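A.B. asks:
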Amino acid sequence: MNHKSKSMQLQFQQSLYQAVAGHLALMNLKYAVCMLLIAGSVLTAGCIGSENSGGEEAAGVPTENLPEGFSLIAVVDDSTPGINMEDEIADFRGDEDIGEVEAVVGKYQWGEMGKDYDARITVIDCESELKAEAAVANYIAQPDFENPPFKGVDRFSTAVVNGRQVTEIRDKVEKELKYIYLWNDGNRVVLVEGNGDRADSLELASATGL
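First residue of the sequence shown? That's 60 in the numbering used here, and the numbers climb one at a time after it.
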């Protein structure tokens with residue numbers, strides 16, 4: 060092979076190498092871009108997932124570290140399919156106007172499923188502290204609370220929850236008492252419907268952190 064042919068062959072090999080190298084570089088660039096896009100999507104999904112997960116536990120409605128004997132059944136709000144929150148908070152509507160509210164209800168098992176009633180924690184955010192106080196007043200003024208639950212047992216008393224004095228309501232469930240705790244923290248109303256054990260019910264109320 061003469062010198063001219065060798066030179067042309069060398070130029071061809073160099074051109075081919077450059078073309079292949081360029082193609083590989085382009086592929087690597089595309090691969091890198093794809094990996095970045097995938098990583099971004101995963102991170103975004105993770106952030107969204109974290110936000111949704113965090114949003115499931117509303118302030119005052121505990122889902123973890125519950126008192127012994129209580130287990131979470133469900134947390135419901137306006138976004139829960141098949142749930143009308145106005146039905147859930149009907150006892151707070153009354154003579155006093157409470158305006159527009161946002162409510163969350165936690166339901167807890169403490170006894171035998173399907174036999175014993177559920178414990179509940181209801182948290183209502185009102186437009187103002189005055190509206191929250193109106194909601195508390197409406198709940199206390201229910202006709203069912205006009206008479207004592209049992210002879211010689213006061214319907215209302217007071218208790219201390221997280222250093223705050225709250226209203227204790229004694230309700231009648233068949234032949235036993237059920238302890239209920241009610242208070243407002245600024246524009247937020249908290250209702251804890253416990254069970255027949257006062258100490259356990261107070262522990263559940265304390266679990267709200269409010």
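Backbone N, C-alpha and C define an ideal beta-carbon position, used for all residues, glycine too. Remember, it's a predicted structure, so these values are computed and weren't measured experimentally.
Just to check my reading of the structure: residue 148 and residue 163 have Cβ atoms closer than 8 Å, yes? What is that Cβ distance to the nearest angstrom?
C.D. replies: The residue you call residue 148 lines up with position 89 of the sequence shown. The residue you call residue 163 lines up with position 104 of the sequence shown. Residue 148 to residue 163, Cβ: 10 Å. No contact.
A.B. asks: Using the rule of at least 16 other Cβ atoms within 10 Å of the residue's Cβ for burial, across every protein chain shown, is residue 212 buried or exposed?
C.D. replies: Along the sequence shown, one-based indexing puts residue 212 at 153. Exposed, because fewer than 16 other Cβ atoms sit within 10 Å of the Cβ of residue 212.
A.B. asks: Looking only at its own chain, which residues have a Cβ that is under 6 Å from the Cβ of residue 269, when we skip the five neighbours before and after it?
C.D. replies: As a first step, residue 269 must be located in the sequence shown, where it is residue number 210. Taken in chain order, the residues that qualify are 119, 244, 249.
A.B. asks: Compute the beta-carbon to beta-carbon distance between residue 252 and residue 179, rounded to the nearest angstrom, for a pair I have assumed lies under 8 Å.
C.D. replies: Position 193 of the sequence shown, counting from 1, holds the residue named residue 252. Position 120 of the sequence shown, counting from 1, holds the residue named residue 179. Yes, residue 252 and residue 179 are in contact; Cβ-Cβ is about 4 Å, under 8 Å.
A.B. asks: Can you find the residues in the same chain that come closer than 6 Å, C-beta to C-beta, to residue 142, ignoring five residues on each side of it along the sequence?
C.D. replies: The sequence position of residue 142 within the sequence shown is 83, counting from 1. Same-chain partners within the cutoff: 135.
A.B. asks: Mapping DSSP to helix, strand and coil, what is residue 271?
C.D. replies: The shown model of the chain, from 60 to 269, leaves out residue 271, and the question about it has no answer.
A.B. asks: Can at least three beta-carbon pairs, one atom from the region 221-234 and one from the region 167-174, be found at a separation below 8 Å?
C.D. replies: In the pairwise beta carbon analysis, the region 221-234 is classified as not touching the region 167-174: fewer than three pairs are separated by under 8 Å.
A.B. asks: Given residue 168, which residues of its chain have a CB within under 6 Å of its CB, disregarding the five upstream and five downstream residues?
C.D. replies: To locate residue 168, count along the sequence shown from 1; it is residue 109. So the qualifying residues of the chain are 130, 132.
A.B. asks: Could you name the residues that DSSP lists as bridge partners for residue 238?
C.D. replies: Residue numbering aside, residue 238 sits at position 179 when the sequence shown is read from its first letter. BP columns for residue 238 point to 229.
A.B. asks: Helix, strand or coil: which one does DSSP assign to residue 216?
C.D. replies: Looking up residue 216 in the sequence shown gives position 157. Under the three-state reduction of DSSP output, residue 216 falls in the strand class.
A.B. asks: Let me know the secondary structure DSSP gives residue 156 once reduced to three states.
C.D. replies: As a first step, residue 156 is located in the sequence shown; it is residue number 97 there, counting from the start. In the structure shown, residue 156 sits in coil (DSSP, three-state: anything other than H, G, I, E or B).
A.B. asks: Could you please give me the residues that DSSP links to residue 131 through a beta bridge?
C.D. replies: In the sequence shown, the residue the question calls residue 131 occupies position 72. Residue 131 pairs with 167.
A.B. asks: Any idea what DSSP makes of residue 203, helix, strand or coil?
C.D. replies: If you number the sequence shown from 1, residue 203 lands on position 144. Reduced to three states, the DSSP call for residue 203 is helix.
A.B. asks: Taking C-alpha atoms, which residue in 267, 151, 257 lies nearest to residue 201?
C.D. replies: One-based indexing of the sequence shown puts residue 201 at position 142. Nearest C-alpha to residue 201: 151.
A.B. asks: Below 6 Å CB to CB, which residues in the same chain sit around residue 264 once its five sequence neighbours on both sides are set aside?
C.D. replies: Position 205 of the sequence shown, counted from the start, is the residue given in the question as residue 264. Around residue 264: 220, 240, 251.
A.B. asks: In whole angstroms, give me the CA-to-CA distance for residue 144 and residue 210.
C.D. replies: Your numbering for residue 144 matches position 85 in the sequence shown. Your numbering for residue 210 matches position 151 in the sequence shown. Using only the alpha carbons, I get a separation of about 34 Å.
A.B. asks: How would you write the range of the beta strand (DSSP E) that residue 263 sits in, first residue to last?
C.D. replies: To locate residue 263, count along the sequence shown from 1; it is residue 204. For residue 263, there is no enclosing beta strand (DSSP E); the enclosing alpha helix (DSSP H) covers residues 257-265.
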